[in-house]
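Have a look at the structure below before the remarks.
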Amino acid sequence: MSCQGVGGFDFKTGTYDGKSISGSKLAYGVAPGAWVTIYLDAPTPAKRDALEALARSAFKAWGELKFVKDADISITRDKGIYTMKVDGGKVMTLITQPVLGLDTNMPIVISNVRNPLYSTVMLGTTAKCQYNDGERSFDFKGTNAYFNGNVTAKGKI
Numbered sequence: 287m288s289c290q291g292v293g294g295f296d297f298k299t300g301t302y303d304g305k306s307i308s309g310s311k312l313a314y315g316v317a318p319g320a321w322v323t324i325y326l327d328a329p330t331p332a333k334r335d336a337l338e339a340l341a342r343s344a345f346k347a348w349g350e351l352k353f354v355k356d357a358d359i360s361i362t363r364d365k366g367i368y369t370m371k372v373d374g375g376k377v378m379t380l381i382t383q384p385v386l387g388l389d390t391n392m393p394i395v396i397s398n399v400r401n402p403l404y405s406t407v408m409l410g411t412t413a414k415c416q417y418n419d420g421e422r423s424f425d426f427k428g429t430n431a432y433f434n435g436n437v438t439a440k441g442k443i
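Reminder that position 123 of the sequence shown reads as 409 in the numbering used here, one-by-one numbering, no gaps.
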């Protein structure tokens, strides 16, 4: 099995290229260097257009873009456990659990990340990762997971 995974963003507030993406969500499936699929959940057509532009720019180096689709995306957090589902889990489910640091209270922090959307992530494990878009599918658990519940980013993508 090659490297494959999923991820997502819940943009509580934000802009891309001067256009609001506040209240929008984005999820993706990926096999780095091979393919990427993008799912968007935006409250208005204008925000959806801005979110798609951001996604196309941010993920262009990750692999061949297979598609961009609208979908229902839910992202929840409960006691440090994140759950993300696309279309109620029919397309994608990701459940992560934090890996606690030596203080046994806070997750391990990785702060030298080179990504325009985030520079810091917390380390977790994958309790469940399932993806199926009809052509590509995978299902695994027990691998590394990364999360950040409060990203602030500025700059160019």
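Beta carbons: idealized from backbone N, C-alpha and C, even for Gly.
These numbers were taken from a predicted model, which means no experiment stands behind them.
*Are the beta-carbon atoms belonging to residue 385 and residue 410 less than 8 Å from one another?*
yes
*For residue 403, which residues of its own chain have a beta-carbon under 8 Å away from its beta-carbon, when the five flanking residues on both sides are left out?*
These residues qualify, in order along the chain: 295, 344, 437, 439, 443.
*Opposite residue 424 in the DSSP bridges: which residues?*
417
*Do you know offhand how far residue 407's Cα is from residue 397's?*
6 Å
*Figure out for me which residue from 359, 293, 314 has the closest Cα to the Cα of residue 352.*
314
_So, at 6 Å on beta carbons, what are the nonlocal neighbours of residue 370 in its own chain, with the 5 sequence-adjacent residues on each side left out?_
294, 361, 380
_DSSP three-state assignment for residue 306, whether helix, strand or coil_ = strand
*Answer yes or no: do residue 358 and residue 327 have a C-beta to C-beta separation smaller than 8 Å?*
yes
*Tell me whether residue 371 sits in a helix, a strand or coil according to DSSP, three-state version.*
strand
*CA-to-CA distance, residue 298 to residue 331, given in whole angstroms*: 17 Å
_For a cutoff of 8 Å on Cβ pairs, would you count residue 430 as touching chain D?_
No chain D appears in this structure, which consists of one protein chain only.
*Three-state secondary structure (DSSP) at residue 331?*
helix
*Please report how far the alpha carbon of residue 355 lies from the alpha carbon of residue 324, in whole angstroms.*
6 Å
*asked:* Can you tell me which residues form a DSSP beta bridge with residue 312?
replied: 295, 326
*Going straight from the alpha carbon of residue 289 to that of residue 318, what length do you get?*
7 Å
_Cα-Cα separation, residue 308 to residue 334_ = 10 Å
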